[in-house]
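Numbering (mature numbering (1 follows the signal peptide of the UniProt record, and there is no 0)), first residue to last: -22 to -1, 1 to 210.
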């Protein structure tokens, strides 16, 4: 609890500082989705987990100038990885969480065109799912809300490039281990720690796309901008 309180304090100070700095400039809201290709890091055999749904994000953008801006918002994100048991080639597990994300990002470049961005995101996992496969057949699955199997919060860093079309490529790395390695459960009367030796810091590459800018369909604004440029 003390760790969680410190995290929220640091995040609040960071967000407040950004908002105070950005009093001027243009403010607008972008809404879109994300297709995620994720890996589990240590212990992962290289299998890619593809999660196109449900990933939804809405950001409030502040463009301080035509070359610099920042943003923050909310996101619902489906994150996880595929793991093969090193002690048994027949066993594969798939782990995932649904997270509520709160990013704080900076943007550099053409605010109406191609730009670079990067920042920090705090994510709160609110649903955990685990599937077990034996010889490619699903043997078990369960999902739990606010499970103790994972940490109460994840910390992540991200960076990427956005193109004029509103489509962007993003790389993200989670500083927090996916599982709580100290988690203990009782199996057949014996206390076990199923994730004790499972070191997995998820990282992913994603394709992001903005569908709306304020209430306008994003690509309508692109067409408008192109027409204005051609008339100059």
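Glycine is no exception: its CB is placed at the ideal position from the N, C-alpha and C atoms. In this text, all values refer to a predicted model and were calculated from it rather than measured experimentally.
Taking a C-beta distance under 8 angstroms as the contact criterion, residue 180 and residue 50 do not qualify as a contact pair. Here residue 149 has 136, 137, 138, 183 as same chain residues with Cβ atoms under 7 angstroms from its own Cβ, once five neighbours each way along the sequence are excluded. Just measuring C-alpha positions, the residue of 72, 104, 143 sitting nearest residue 129 is 104.
Pairing residue 69 with residue 61, the inter-Cα distance amounts to about 9 angstroms. Rounded to the nearest angstrom, the gap between the Cα atoms of residue 127 and residue 164 is 13 angstroms. In this structure, residue 73 sits away from residue 53, with a CB-CB distance that is not shorter than 8 angstroms. In the three-state DSSP reduction, residue 3 falls in the coil class, being neither helix nor strand. Between residue 77 and the set 146, 32, 93, the nearest pair of CA atoms involves 32.
Here residue 37 has 8, 49, 51 as same chain residues with Cβ atoms under 6 angstroms from its own Cβ, once five neighbours each way along the sequence are excluded.
In the three-state scheme derived from DSSP, where H, G and I count as helix and E and B as strand, residue 45 is classed as coil.
Around residue 93, the same chain offers 85, 86, 87, 140 as residues with beta carbons nearer than 7 angstroms, after the five sequence neighbours per side are excluded. Relative to residue 173, the option among 186, 187, 190, 155 whose CA is nearest is 155.
Close CB contacts of residue 192 within its chain, under the 6 angstroms cut and outside five residues either way in sequence, are with 6, 7 (chain order). By the neighbour-count definition (other C-beta atoms within 10 Å, threshold 16), residue 106 is a buried residue. Pairing residue 91 with residue 83 gives a Cβ-Cβ distance that is not under 8 angstroms. Per DSSP, the continuous beta strand (DSSP E) segment holding residue 93 begins and ends at 93 to 112.
In this structure, DSSP gives residue 137 an extended state, which the three-state scheme calls strand. Under the three-state reduction of DSSP output, residue 121 falls in the strand class. Out of 43, 146, 157, 80, the CA that lies nearest to the CA of residue 12 is found in 146. For the 8 angstroms CB-CB criterion, residue 144 and residue 111 do not form a contact. Residues of the same chain with a CB within less than 7 angstroms of the CB of residue 123, apart from the 5 flanking positions on each side, are 104, 105 in chain order.
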